[in-house]
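A.B. asks:
Take a look at the structure:
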């Protein structure tokens with residue numbers, strides 16, 4: 002019984018890992034781009050104050066990623082995802098430096114860093130599978 | 033936070049995360065190459081490739097053999113006709 006439960010859990014975990022590694026990443030890319038375009042600038046403007054250079058970069062990264070997904074060009078999507086990962090890491094860094102991560106909801110930025118990294122990894126895997 | 037600090041933090045973190053990604057990218061590429069090598073050196077794949085080569089060679093040999101059979105059939109038909117005429121001529125000569 003315990004052995005069976007262990008095996009089932011192992012199988013489910015493997016399936017989750019496969020989905021994480023190989024599933025289609027466009028919806029995640031669009032969500033992350035929208036977060037960069039709308040949520041991140043608004044949240045940082047309210048909580049950290051005006052940081053013009055950084056907030057312009059956030060909007061730029063969001064627009065660029067949306068453009069790449071719309072174009073459907075894999076190379077462009079990989080580049081945009083790398084940029085998005087960088088901007089989420091920057092957002093996390095800005096929070097840590099300026100106010101820290103005082104409430105559990107602030108840890109959401111860390112989740113977004115992981116999510117953008119996962120999306121980037123999936124895209125790179127796809128690129129390697131397609132072009133070797 | 034002044035604008036210089038802001039620019040430095042932004043560019044520094046983006047550059048740092050790009051560096052981190054480059055490291056992971058190199059690892060992913062290495063793993064993909066290893067997987068490719070494993071597949072190429074796999075016994076089953078080698079056996080399949082060997083079978084493919086043998087099937088290709090055998091189909092070529094079959095085509096050549098078909099062409100030769102056709103040629104030989106034509107020659108046999110020609111020889112049969114020639115033989116029939118020769119027999120007829122021998123019969124005529126015998127009657128004389």
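Residue numbers (my numbering), protein chains in the order written: chain A, 2 to 133; chain B, 33 to 128.
Think of the CB as a built atom: it goes at the ideal place given N, C-alpha and C, for glycine as much as any other residue.
#1: Anything in the region 56-78 of chain B with a Cβ closer than 8 Å to a Cβ of chain A? List those residues in chain order, please.
#2: If you measure between the beta carbons of residue 106(A) and residue 33(A), is that distance less than 9 Å?
#3: Between residue 91(B) and chain A, is the shortest Cβ-Cβ distance under 9 Å, so that the two count as touching?
#4: Is it true that the region 116-131 of chain A meets the region 75-86 of chain A, where meeting means three or more beta-carbon pairs spaced less than 8 Å apart?
#5: Just tell me which of 57(A), 71(A), 47(A), 41(A) has its CA closest to the CA of residue 154(A).
#6: Please name the residues in the region 113-124 of chain A whose beta-carbon is closer than 9 Å to at least one beta-carbon of chain B, in chain order.
#7: Assign residue 105(B) to buried or exposed, taking buried as 16 or more other Cβ atoms, counted over all protein chains shown, within 10 Å of its Cβ.
#8: Using a Cβ cut-off of 7 Å, pull out every chain A residue sitting near residue 38(B), in sequence order please.
#9: Using the Cα positions of residue 71(B) and residue 78(B), report the straight-line distance between them to the nearest angstrom.
#10: With a CB to CB cut of under 8 Å and the five nearest residues on each side skipped, what residues in its chain are close to residue 49(A)?
#11: If we call anything under 9 Å between Cβ atoms a contact, is residue 35(B) one with residue 89(A)?
#12: Report yes or no: do the region 63-83 of chain A and the region 23-38 of chain A share at least 3 C-beta pairs separated by less than 8 Å?
#13: Nearest-angstrom Cα distance between residue 91(B) and residue 76(B)?
#14: What number of angstroms, rounded off, separates the C-alpha of residue 41(B) from the C-alpha of residue 91(A)?
C.D. replies: Let me lay it out:
#1: 56, 57, 60, 61, 64, 68
#2: Counting from one through the first chain, the residue named residue 106(A) turns up at place 105. Counting from one through the first chain, the residue named residue 33(A) turns up at place 32. With a cutoff of 9 Å on beta-carbon distance, residue 106(A) and residue 33(A) are scored as not near each other.
#3: For the purposes of this step, residue 91(B) is taken as residue 59 along the second chain, with counting starting at 1. No, its Cβ sits nowhere closer than 9 Å to a Cβ of chain A.
#4: yes
#5: Given that chain A is displayed from residue 2 to residue 133, the structure contains no residue 154(A) and the question cannot be resolved.
#6: 114, 118, 121, 122
#7: Locating residue 105(B) in the second chain gives position 73, where the first residue counts as 1. With fewer than 16 other Cβ atoms within 10 Å, it is exposed.
#8: Position 6 of the second chain holds residue 38(B). Per Cβ cutoff of 7 Å: 52, 54, 55.
#9: Walking along the second chain from the start, residue 71(B) turns up at place 39. Walking along the second chain from the start, residue 78(B) turns up at place 46. Approximately 9 Å between the Cα atoms of the pair.
#10: Counting from 1 along the first chain, the entry for residue 49(A) is found at position 48. Cβ neighbours of residue 49(A) beyond the five flanking positions: 95, 96, 99, 100.
#11: Here residue 35(B) corresponds to residue number 3 of the second chain, with the count starting at 1. Here residue 89(A) corresponds to residue number 88 of the first chain, with the count starting at 1. When the beta-carbon positions are compared, residue 35(B) and residue 89(A) stay at least 9 Å from each other.
#12: yes
#13: As a first step, residue 91(B) must be located in the second chain, where it is residue number 59. As a first step, residue 76(B) must be located in the second chain, where it is residue number 44. Cα to Cα, the separation comes out at about 22 Å.
#14: Here the question's residue 41(B) lines up with position 9 in the second chain. Here the question's residue 91(A) lines up with position 90 in the first chain. Taking the straight line joining both Cα atoms gives about 7 Å.
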